[in-house]
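For the sequence shown, position 1 matches number 6 in the numbering used here, and the numbering has no gaps at all. Please read the structure below before turning to the comments.
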Amino acid sequence: MNKSIVKLLTDFGPLFIFFVVYYKSDKNLITAIPPLIISTLVAVLIVYVIEKKIPYLPLIGATLITMFGALTIFFKNPIFLYLKPTIINIIFAAALLIGKLILNKNFLKSFFKNSIKLEEIGWDKLLYRWIGFFIFLAILNEAVWRTQAEEVWVNFKVWGILPITFLFTIFQVPLINKYKKDEE
């Protein structure tokens, strides 16, 4: 199977399964969480089998989904699952910020070093934009789950965050083009 298809399935398959089970179970979040956890762990295992390593982001995501999903099921309280996107976005923003300000390392540059070549000022601008974006997503998630019904939050989680992230990424192309290093 094509690697890009496998990546697509492992990245979005668990979310799709969660969404389908949620609606098939009469919008029961507690029923939809175990398939989400299991499919996420299977996806990480598939990535490991194919690449012989587990990238950090899927590992962090799987750990948080398992932890917050288990807490949601154990306490029968969806607040734990609602908080997961907020916490993961704050962790990403904090990691990028701490990397830059304390460790003097641009983790975004380290992560994309093989696919994007930018001048340092371009990397720094891109880094701070992503930090701001992760903070924005955390605040947006908080606003949605605190003011809307569970079904609205589920739809936002499945159909809102991804397009917002895609649009944000598209809007970074002019910055990337502006600071792209000439190939020597």
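Beta carbons: idealized from backbone N, C-alpha and C, even for Gly.
Within its own chain, the residues whose Cβ lies closer than 6 Å to the Cβ of alanine 143, once the five positions on either side in sequence are excluded, are Thr91, Asn94 and Ile95, listed in chain order. Taking 7 Å as the cut-off, the beta carbon of valine 47 is found no closer than this to the beta carbon of proline 63.
In the DSSP assignment, leucine 123 forms a beta bridge with Lys185.
CA-to-CA, the gap between leucine 20 and valine 26 works out to about 10 Å.
Annotation: the continuous alpha helix (DSSP H) that includes leucine 13 extends over 8–29. In this structure, leucine 69 sits near lysine 89, with a CB-CB distance shorter than 7 Å. For the pair serine 30 and phenylalanine 161, the Cα-to-Cα distance works out to about 18 Å.
CA-to-CA, the gap between isoleucine 175 and phenylalanine 141 works out to about 17 Å.
A distance below 7 Å between beta-carbons, with the five flanking residues on each side excluded, links isoleucine 43 to no residue of its chain. By the Cβ neighbour-count rule, phenylalanine 80 is exposed, with fewer than 16 other Cβ atoms within 10 Å of its own.
Under the three-state reduction of DSSP, leucine 108 is assigned to coil, being neither helix nor strand.
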